[in-house]
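So the sequence shown is numbered by my numbering: it starts at 19 and just counts up by one.
Read through the structure below, which is laid out as structure tokens, and then see the notes.
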Amino acid sequence: MVCFVVGRRARRSGLARALLDGAITYARKHGAPALEAYPTPTEGARHPAASLYRGTLSMFQAAGFKVVGWSTPQANAAPRPIVRLELD
């Protein structure tokens with residue numbers, strides 16, 4: 019999962035988490051073995067909305083995803099966690 023699109027007025031209302039929960043339910047129903055995502059690690063700091071479209075690490079962890087590695091950054095980009103939820 020790589021992107022959550024939430025309109026400005028709906029942000030901070032739990033909509034991204036509802037979308038995540040819906041994706042998990044859909045994937046389970048259709049036999050997916052796992053889900054993987056590359057969220058933004060916020061570590062409690064505020065970030066511009068434009069950098070959070072991947073979802074936050076804490077949101078994925080609250081849904082049961084585990085960090086299984088870190089991406090290799092390109093150019094000036096920071097490494098991102100790779101999170102996975104086993105659905106079996």
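Note that beta-carbon positions come from the ideal geometry of N, C-alpha and C, so glycine has one too.
Test item: CB-CB of residue i and residue j under 7 Å
i     : j      : result
Pro99 : Val85  : yes
Arg72 : Pro57  : yes
Ala45 : Leu53  : yes
Ala41 : Met77  : no
Ala55 : Val101 : yes
Euclidean distance between Cα positions of residue i and residue j
i     : j     : result
Ala95 : Gly32 : 27 Å
Thr43 : Val23 : 19 Å
Leu75 : Glu61 : 8 Å
DSSP-derived helix/strand/coil call for residue i
i      : result
Ala50  : coil
Asp106 : coil
Arg35  : helix
Arg26  : helix
As an exercise, report each continuous beta strand (DSSP E) stretch of at least 3 residues that is fully enclosed by the segment 54-103, in chain order.
84-88
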